[in-house]
Amino acid sequence: MTDDHELRVSKIQNGTVIDHVAGGQALNVLAILGIDGTRGETVSVGMNVPSDRLGRKDIVKVEGRELSQSEVDVLSLIAPAASINIVRDYEVVEKNRVVRPDVVSGIISCPNRNCISNADEPIHARFTVLSDGVRCDYCDTIVREDEVAANLNVN
């Protein structure tokens, strides 16, 4: 017997479940992963689902894909409470909380147009990770957590 008030989303056979994402950030997670629906990926998204820990949370399930460490590093900037679950043959084989790196390089653009990282120089933008965002190592511009997604270098 099922509860009519319960949300049911099918299990994935192989892939990644990104859980405990702050409510409203699921679409930014998809942008980070370069998922826009045009390549036929199977993706399930739950947004603003009740959560004891966060109040409201988002959940993203991506079939057939395990995240790289650089993708997890970027996710940690917009979803610091997230957990990454790797699923194989319908079973969770690995479960990890994201850990913010101390520094990120080449994955975020500096919004300061005068920053040397935006000039025609052979360097990538490099940021020191703060508790609520990142700071450019070249010009000290601060990008707050809620602005990171707008400055991503997404392929």
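Each residue of the sequence shown is one higher than the one before, counting from 1 in full-length UniProt numbering.
Backbone N, C-alpha and C fix where the C-beta goes; we use that ideal spot for every residue, glycine too.
Predicted, not measured: the structure shown is a model, and the values here were computed from it.
Between the region 94-113 and the region 136-148, do at least 3 Cβ pairs fall closer than 8 Å? Three or more Cβ pairs drawn from the region 94-113 and the region 136-148 lie within less than 8 Å of each other, which places the two stretches in contact.
Neighbourhood of Asn155 by C-beta distance below 7 Å, restricted to the same chain and skipping five residues each side: Low confidence applies to Asn155: its pLDDT is 48, below 50, so where it sits in the model is not reliable enough to give any reading.
Coil, strand or helix - Glu91 by DSSP: In the three-state scheme derived from DSSP, where H, G and I count as helix and E and B as strand, Glu91 is classed as strand.
Collapsed DSSP secondary structure at Ile123 in the structure displayed: Coil, per DSSP.
Secondary structure of Asn155, DSSP reduced to three states: Unreliable positioning characterises Asn155 in this predicted model, as indicated by a pLDDT of 48, which lies under 50. The coordinate reading is nonetheless provided below. Asn155: coil per DSSP, three-state reduction.
Supposed close pair Arg126, Ser105 - CB separation, criterion 8 Å: Yes, Arg126 and Ser105 are in contact; Cβ-Cβ is about 4 Å, under 8 Å.
Does the contact criterion of 3 or more C-beta pairs under 8 Å hold for the region 75-89 versus the region 34-47? Counting Cβ pairs under 8 Å, fewer than three are found: no touch.
Measuring CB to CB, does Asp58 end up less than 9 Å from Val72? No; because the gap between Cβ atoms is not below 9 Å, this pair is not in contact.
Would you check if the distance between the CB atom of Leu75 and the CB atom of Ile18 is smaller than 9 Å? Leu75 is a Cβ neighbour of Ile18, given a cutoff of 9 Å.
Please determine, among Pro101, Ser10, Glu66, Glu121, the residue with the shortest C-alpha to C-alpha distance to Glu94. Among Pro101, Ser10, Glu66, Glu121, the Cα nearest to that of Glu94 is on Glu66.
Please name the residue or residues paired with Ile86 in a DSSP beta bridge. Partner(s): Thr16, Glu94.
Can a CB atom of chain D be found closer than 9 Å to the CB of Leu67? Of the protein chains in the structure, only one exists, and it is not chain D.
Through-space distance from Val62 to Asn48, alpha-carbon basis: Cα to Cα, the separation comes out at about 18 Å.
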